[in-house]
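Working notes, beginning with the structure itself.
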Amino acid sequence: MEKPYQGRTIVEDNVEFITITIPGKRDFLSVSWFFVWMIAWGFIGSAAISDVVDPITHSIRGGMVFWITGWAFMGLMNIKNAIWLIWGREIIEIDKNTFGIAKKNDFLSRDKVYDLKECENFRIRDKYSAADRKYWSIFYYRNDDPGNIAFDYGMKTFSFGEDLREAESRYILDTIKEKGFIPERHFD
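This is the structure in structure tokens:
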């Protein structure tokens with residue numbers, strides 16, 4: 000018999016605020032791929048560096064320096080994504096006045112704090128939108144603001160809860176509703 004999926008979300012309900020922690024999706028296949036890619040990246044990068052140090056012709060040196068710079072950037076992005084998959088987590092804090100989203104162990108993101116009065120239309124986002132497919136085959140992060148739970152802040156839409164299943168996303172929205180910091184009319 001199948002065991003019910005318990006979800007990844009950790010909810011801490013305090014009197015003055017609520018904290019929702021969503022650990023990164025630890026997909027074994029993706030993490031394995033990142034580490035295999037890094038080994039290949041290291042071998043190819045070291046061969047390219049040896050071509051710069053001792054080039055066959057001097058005209059190759061400039062092109063190889065440019066190529067190694069791009070190769071190093073790709074490696075750093077791969078390391079960043081592997082760290083996010085293994086140790087990353089989203090932390091959502093909601094109190095009476097603010098709505099905060101922090102991505103811990105994601106080196107290129109910054110903590111975001113929103114005025115709760117301006118946050119509207121909380122909903123489960125269609126994860127197969129055109130924005131998701133835009134760069135799917137190029138980057139792990141498929142758009143600027145990945146996530147299954149979306150809300151409008153002014154004239155821009157933000158989202159959080161990356162790679163959550165629909166039932167778990169609905170659980171988070173229900174938990175936020177029950178706390179009462181956000182009026183019922185702000186939910187879709």
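What the sequence shown shows, in numbering that gives the first Met the number 0, is residues 0 to 187, in sequence order.
Glycine is no exception: its CB is placed at the ideal position from the N, C-alpha and C atoms.
Predicted, not measured: the structure shown is a model, and the values here were computed from it.
Rounded straight-line distance, which links the Cα of residue j to that of residue i
i, j, result
"residue 171", "residue 52", "55 angstroms"
"residue 109", "residue 14", "27 angstroms"
"residue 65", "residue 37", "20 angstroms"
"residue 169", "residue 123", "7 angstroms"
"residue 0", "residue 96", "45 angstroms"
"residue 20", "residue 47", "42 angstroms"
"residue 139", "residue 35", "Any reading at residue 139 must be qualified, since the residue scores a pLDDT of 46, below 50, and its modelled position is unreliable; the value itself is stated next. Cα to Cα, residue 139 sits roughly 16 angstroms from residue 35."
"residue 115", "residue 9", "21 angstroms"
"residue 184", "residue 120", "8 angstroms"
"residue 125", "residue 147", "7 angstroms"
"residue 155", "residue 28", "34 angstroms"
"residue 202", "residue 63", "Outside the modelled stretch of the chain, which goes from 0 to 187, sits residue 202, for which no answer is possible."
"residue 135", "residue 157", "With a pLDDT of only 48 at residue 135, under the threshold of 50, the placement of this residue in the model should not be trusted; the figure read from the coordinates follows. If I take the Cα positions, the gap works out to 18 angstroms."
"residue 76", "residue 31", "16 angstroms"
"residue 3", "residue 50", "55 angstroms"
"residue 94", "residue 164", "25 angstroms"
"residue 101", "residue 11", "15 angstroms"
"residue 22", "residue 175", "18 angstroms"
"residue 187", "residue 42", "51 angstroms"
"residue 5", "residue 24", "14 angstroms"
Contact check, residue i vs residue j, beta carbons under 9 angstroms
i, j, result
"residue 106", "residue 150", "no"
"residue 17", "residue 159", "no"
"residue 7", "residue 167", "yes"
"residue 161", "residue 92", "no"
"residue 87", "residue 103", "yes"
Residue i: first and last residue of the uninterrupted alpha helix (DSSP H) it sits in
i, result
"residue 174", "165 to 178"
Nearest-angstrom Cβ-Cβ length linking residue i and residue j, presumed shorter than 8 angstroms
i, j, result
"residue 71", "residue 33", "No, residue 71 and residue 33 are not in contact; Cβ-Cβ is about 16 angstroms, not under 8 angstroms."
"residue 153", "residue 177", "Residue 153 to residue 177, Cβ: 26 angstroms. No contact."
"residue 84", "residue 173", "Wrong, their Cβ atoms sit about 27 angstroms apart, outside the cutoff."
"residue 40", "residue 69", "With a Cβ gap of about 12 angstroms, residue 40 and residue 69 do not count as contacting."
"residue 44", "residue 67", "7 angstroms"
Endpoints, beta strand (DSSP E) assigned at residue i
i, result
"residue 191", "The question about residue 191 has no answer, for the chain in this structure spans 0 to 187."
"residue 16", "16 to 22"
"residue 108", "From DSSP, residue 108 is part of no beta strand (DSSP E); its letter is neither H nor E."
"residue 159", "155 to 159"
"residue 12", "9 to 12"
"residue 147", "Element bounds for residue 147: n/a, residue is neither H nor E."
"residue 98", "97 to 103"
"residue 183", "Careful: residue 183 lies outside any beta strand (DSSP E) and carries neither H nor E."
"residue 124", "Counting along the chain, residue 124 falls outside any beta strand (DSSP E), and DSSP gives it neither H nor E."
"residue 94", "88 to 94"
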